[in-house]
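A short write-up of the structure that comes next.
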Amino acid sequence: MEVLGDEVQVVVLSGVPGVGKTTTAEAMSDLLVADDVPHAWLDGDQLTLVYPRDPDDPHAHRLFFENLAQLWASYRAARARRMIIARVVEEADEMDGYRQAIPGAEIVVVELRSPQHIVHQRILRREYAPEWVLRMQNRSDELRPILENNGIADHVVLLEHETPEQVAKTVLKRIGWTA
100 MEVLGDEVQV VVLSGVPGVG KTTTAEAMSD LLVADDVPHA WLDGDQLTLV
150 YPRDPDDPHA HRLFFENLAQ LWASYRAARA RRMIIARVVE EADEMDGYRQ
200 AIPGAEIVVV ELRSPQHIVH QRILRREYAP EWVLRMQNRS DELRPILENN
250 GIADHVVLLE HETPEQVAKT VLKRIGWTA
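The opening position of the sequence shown corresponds to residue 100 in this note's numbering, with each subsequent residue numbered one higher.
See below:
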């Protein structure tokens with residue numbers, strides 16, 4: 100097992116809906132498990148599933164960071180020193196939330212980018228209801244220029260037809276988590 104000191108490393112996989120954030124996070128986790136590296140991973144959207152949402156916080160950022168802080172305490176107690184989070188980072192001030200939820204962590208943002216027609220196809224395959232397909236495709240179209248221009252990502256990984264494992268290996272190498 101890889102032994103890490105007290106340092107905490109976090110990678111946030113950002114990108115438009117349907118680009119493959121959660122799939123990549125899971126594949127990264129599988130590779131880290133194979134290398135016996137202590138870590139945790141999560142799909143950030145799962146920490147925000149509440150109805151009704153606070154009208155002052157339509158994307159549930161506050162709820163996400165409150166839940167993340169509580170989960171991180173548990174993960175840290177379980178000896179995780181690395182954390183993979185799949186969640187879009189739309190605005191720079193969200194990074195303050197990550198720093199507060201995971202104090203002292205080195206946080207790296209990797210934006211996954213894929214051609215929009217591929218993203219739309221993925222959304223069409225994964226969503227079960229036509230209204231969700233349209234909603235996610237519209238949100239993806241809305242976010243694309245924001246993410247391309249917000250300057251938050253430390254790294255950008257372009258993907259088209261790569262397997263999840265290939266994308267995961269690229270991300271891990273880019274952030275220095277593999278030799």
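Every residue, glycine too, gets a C-beta built ideally from N, C-alpha and C.
On a predicted model such as this, the values are computed, not experimentally measured, just so you know.
Report task. Determine the extent of the beta strand (DSSP E) in which TRP140 is found, giving its start and end residues. Result -> Mapped onto the sequence shown, residue 140 falls at position 41. 139 to 142 is the extent of the beta strand (DSSP E) around TRP140.
Requested in this report: Take ALA126 and list the residues in its own chain whose beta-carbon comes closer than 6 Å to its own, dropping the five residues that flank it on each side.
Outcome: Residue mapping note: residue 126 aligns to position 27 of the sequence shown, counting from 1. Around ALA126: PRO263, GLU264 and ALA267.
Requested in this report: Report yes or no: is there a C-beta of chain D within less than 8 Å of the C-beta of LEU246?
Outcome: The question asks about chain D, but that chain is absent: this structure has only one protein chain.
Query raised in the report: How would you label VAL109, buried or exposed, when you count the other beta carbons within 10 angstroms and need 16 or more for buried?
Result: On the sequence shown, residue 109 is found 10 positions in, with the first residue counted as 1. Buried, since its Cβ has 16 or more Cβ neighbours within 10 Å.
**Report entry** ARG221 classed as buried or exposed, judged by whether at least 16 other C-beta atoms fall within 10 angstroms
**Finding:** Counted from its first residue, the sequence shown places residue 221 at position 122. The residue in question, ARG221, is buried, as its Cβ has 16 or more Cβ neighbours within 10 Å.
Query - Test item: CB-CB of ALA124 and ALA185 under 8 Å - result: The residue given as residue 124 occupies position 25 in the sequence shown. The residue given as residue 185 occupies position 86 in the sequence shown. Taking 8 Å as the Cβ cut-off, ALA124 and ALA185 qualify as a contacting pair.
Query - Proximity of LEU167 and LEU148 at Cβ, strictly below 8 Å - result: As a position in the sequence shown, residue 167 is number 68, starting the count at 1. As a position in the sequence shown, residue 148 is number 49, starting the count at 1. Going by C-beta atoms, LEU167 is not nearer than 8 Å to LEU148.
Query raised in the report: Is the beta carbon of SER213 less than 8 Å from the beta carbon of LEU258?
Result: The residue you call residue 213 lines up with position 114 of the sequence shown. The residue you call residue 258 lines up with position 159 of the sequence shown. The answer is yes: Cβ separation under 8 Å.
Query raised in the report: To the nearest angstrom, how far is it from the Cα of ALA159 to the Cα of ARG152?
Result: Here residue 159 corresponds to residue number 60 of the sequence shown, with the count starting at 1. Here residue 152 corresponds to residue number 53 of the sequence shown, with the count starting at 1. Going from the Cα of ALA159 to the Cα of ARG152 covers about 7 Å.
Query raised in the report: Is DSSP giving VAL218 helix, strand or coil here?
Result: Here residue 218 is taken as the residue at index 119 of the sequence shown, counted from 1. VAL218 falls in the helix class under three-state DSSP.
Requested in this report: Determine the direct distance from the alpha carbon of ALA200 to that of ALA191, and round the result to whole angstroms.
Outcome: Along the sequence shown, one-based indexing puts residue 191 at 92. Along the sequence shown, one-based indexing puts residue 200 at 101. About 15 Å.
Query raised in the report: In the structure shown, what three-state DSSP assignment does SER173 receive?
Result: Counted from its first residue, the sequence shown places residue 173 at position 74. Reduced to three states, the DSSP call for SER173 is helix.
Report task. Report yes if the CB atom of PRO116 is closer than 8 Å to the CB atom of ARG238, and no otherwise. Result -> To locate residue 116, count along the sequence shown from 1; it is residue 17. To locate residue 238, count along the sequence shown from 1; it is residue 139. Cβ atoms of PRO116 and ARG238: closer than 8 Å.
Query raised in the report: Do you know offhand how far ASP169's Cα is from HIS260's?
Result: In the sequence shown, counting from the first residue as 1, residue 169 sits at position 70. In the sequence shown, counting from the first residue as 1, residue 260 sits at position 161. Here residue 169 is Gln; the residue named in the question, Asp, does not match the sequence. GLN169 and HIS260: Cα-Cα distance of roughly 36 Å.
Requested in this report: With DSSP as the reference, label GLU205 as helix, strand or coil.
Outcome: Numbered from its first residue, the sequence shown carries residue 205 at position 106. Correct three-state label for GLU205: strand.
Query raised in the report: Taking DSSP as the reference, what is the three-state secondary structure of GLU106?
Result: Translated into the one-based positions of the sequence shown, residue 106 becomes position 7. In this structure, GLU106 counts as coil in the three-state DSSP scheme.
Report task. For the beta strand (DSSP E) holding VAL255, just list the boundary residues, first then last. Result -> Translated into positions along the sequence shown, residue 255 becomes position 156. Taken as a continuous stretch (DSSP letters only), the beta strand (DSSP E) holding VAL255 covers 254 to 257.
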